[in-house]
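Counting in the working numbering, the sequence shown runs from 115 upward without gaps.
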Amino acid sequence: MWSQIAPISSLLSGVALLLLGNGLLNTLLTLRGVAEGYSSSMLGLIMSGYFVGFLLGTWLAIPLVRRVGHIRAFAFCAALAAIAALLHVLLVDPWVWLALRVLYGLALVSLYMVIESWLNAQVPNDKRGQVFALYMAVNLGALAAAQQLLGLAEPGDFILFVLAAMLISAALMPITLTRQAQPSVPEALHSNLRQLLGIAPLAIVAAGLSGLALGAFWGMAPVYASLSGFDAGGVGLLMSSAILGGALLQWPIGRYSDRHDRRLVMLWVVILAVLVALGMSLLPAGRALLGLIFLFGGLAFAIYPIAVAQLIDQLHGDEILAGSGSLLMVNGIGSVCGPLLAGVLMQQFGARALPLYFATVLALLATYTWYRLRHVSDLVSGEQAHFMPMLRTSHTVLELMPDAPPAETGSVDEPLAPESR
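Right, here's the structure in full:
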């Protein structure tokens, strides 16, 4: 395995530094917004701006890389992200922050795309699953570690903003020093979403509702923690607990789903997540709440990967990349709406509206999953897919999935087959 890690160590180092800065900044902004007196609905709008930029960057990043190459595109977007991080503390205004979040999200997805397309080019086909798992472990580990940096200074100071910008800038060093050849520019993913809904509706619905829930989590959980009575260090601990839960519990849940009806596994995961969210709404700040947050992270973070595996179960090999790209887009749209909806509810009903929002969204998913189990038989196309823990990053990471076809033998631009399933 080390022989496979060594050539990509610079890429993994770069993404670890990038995610340290990004994880710190995302939580820091909500805490600073609370300190500045921004309403929950305004904070939800600001956090939604990040996901808007993320979606826009999915289409804009490829022309940029084609124009200037991978290293220059990475340097440009890292500089843009670091500048945006510092402007948050220089221009403390909610509408300016909204524009900066859109800009930052656009830059970040471009950075993801550069690193992930490079990984795709460097990893042999028979090692993609191992590298994919390692890459996601680095992502989750860096995000969890970033939350502990919140205790180094007060959110009202400029120090943490500078630290976030420094970490993002530091990601430039291993990437620009790499001796690896620059890969070819990835193609855009195209598929027919309406046709995909007819083939795998449960996967599409699960991806969208998962985005609604976890978009609100990433955007509004620090606000919820702060309003519930946690200090800055406690907010970081709460976020770390959820991320660690997601990192540790995804594997056993996913492996179990590989051996049983994936729809039934999803139903029980979602029902348990609903119950945990309801429990969160009843508890004050303390260790018991942190324990429930850990469980919620483990359950909620598993929903999107189960949806991906459920989708792959029902697609042919040459349809996987395009179909997964559509799933990513639907999840992103849900992530845009999630913080805004949760922020409005928290503005009206207080901090406990957030876990109740989680419970409501996931209860809708549980209801639809139960309906599919009782009344519809999903057809599996070929062998069952393998569950892989994952976070939503750029579409280029999809080529690393072990069930996806090798890039040179499958076209990402082919539409889904029109045959009946």
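Beta carbons: idealized from backbone N, C-alpha and C, even for Gly.
Note that the structure is a prediction, hence the values are computed from the model and not measured.
Distances from the CA of leucine 323 to each of His184, Leu248, Gly167, Leu455 were compared; the closest alpha carbon is that of Leu455.
Between the alpha carbons of leucine 341 and alanine 387 lies a distance of about 22 angstroms.
Just so you know, the alpha carbons of methionine 227 and threonine 483 end up roughly 32 angstroms apart. In terms of Cβ geometry, proline 469 and methionine 394 form a close pair [threshold 7 angstroms]. In the DSSP annotation of this structure, proline 269 is not part of any alpha helix (DSSP H), being labelled neither H nor E.
About 6 angstroms separates the beta carbons of leucine 316 and arginine 377, which is inside the 8 angstroms limit, making them a contact pair. Taking alanine 175 as the centre and dropping the five residues before and after it, the same chain places the C-beta of Val223, Ser224, Met227 closer than 7 angstroms to its C-beta, in chain order. Residue environment analysis places serine 123 among the exposed positions, since fewer than 16 neighbouring C-beta atoms fall within 10 angstroms of its C-beta. Taking all protein chains in view, the Cβ of leucine 291 is surrounded by fewer than 16 other Cβ atoms within 10 Å, so the residue is classified as exposed. Only exposed fits arginine 488, as fewer than 16 other CB atoms lie within 10 angstroms of its CB. In this structure histidine 202 touches phenylalanine 275 by the C-beta definition: roughly 6 angstroms separates them, less than 8 angstroms. Contact between the segment 264 to 280 and the segment 129 to 146 is present: 3 or more CB-CB pairs across the two stretches fall below 8 angstroms. With a 10 Å radius around the Cβ and a threshold of 16 neighbouring Cβ atoms, tryptophan 211 comes out buried. Between isoleucine 229 and leucine 125, the C-beta gap is smaller than 7 angstroms, which places the two residues in contact. Runs of the alpha helix (DSSP H) lying entirely within the segment 363 to 434 and spanning at least 4 residues, in chain order: 376 to 396, 401 to 414, 417 to 427.
Distance check between leucine 328 and each of Ile385, Ala199, Asp345, Gly411 places Gly411 closest, using alpha-carbon atoms only. The criterion of a C-beta distance shorter than 7 angstroms is satisfied by cysteine 191 and alanine 221. Between tyrosine 152 and the set Met460, Gly405, Ser283, Ser449, the nearest pair of CA atoms involves Met460. Rounded to whole angstroms, the gap between the alpha carbons of glycine 219 and leucine 169 is 8 angstroms.
Look at glutamate 150 here: in three-state DSSP terms it is coil, with no helix or strand label. Closest in alpha carbon position to proline 288, among Leu362, Ser127, Arg486, is Ser127. Of the candidates Leu404, Ala361, Leu409, Leu409 places its Cα closest to the Cα of valine 383.
Comparing alpha carbon positions, the residue from Leu478, Ala339, Leu286 closest to isoleucine 385 is Leu478. The Cβ atoms of isoleucine 367 and alanine 414 do not sit closer than 7 angstroms to each other. Annotated three-state conformation of alanine 189 is helix, per DSSP.
With a beta-carbon spacing of about 5 angstroms, alanine 130 and alanine 256 fall inside the 8 angstroms limit used to define contacts. In the three-state DSSP reduction, valine 206 falls in the coil class, being neither helix nor strand. Between isoleucine 160 and the set Ser440, Thr141, Ser283, Leu178, the nearest pair of CA atoms involves Thr141.
Short of 6 angstroms from the beta carbon of glycine 171, and not among the five residues preceding or following it, lie these beta carbons of its own chain, in chain order: Leu220, Val223, Ser224.
Assigned with DSSP and collapsed to three states, phenylalanine 168 falls in helix. In this structure, the beta-carbon distance from leucine 134 to leucine 311 does not fall below 7 angstroms.
According to the DSSP assignment, phenylalanine 275 belongs to the alpha helix (DSSP H) that extends over 273 to 284. Comparing alpha-carbon positions, the option among Leu397, Val245, Leu406, Val379 lying closest to alanine 423 turns out to be Val379. The three-state secondary structure of alanine 314, taken from DSSP, is coil. With fewer than 16 other Cβ atoms inside 10 Å of its own Cβ, aspartate 372 counts as exposed.
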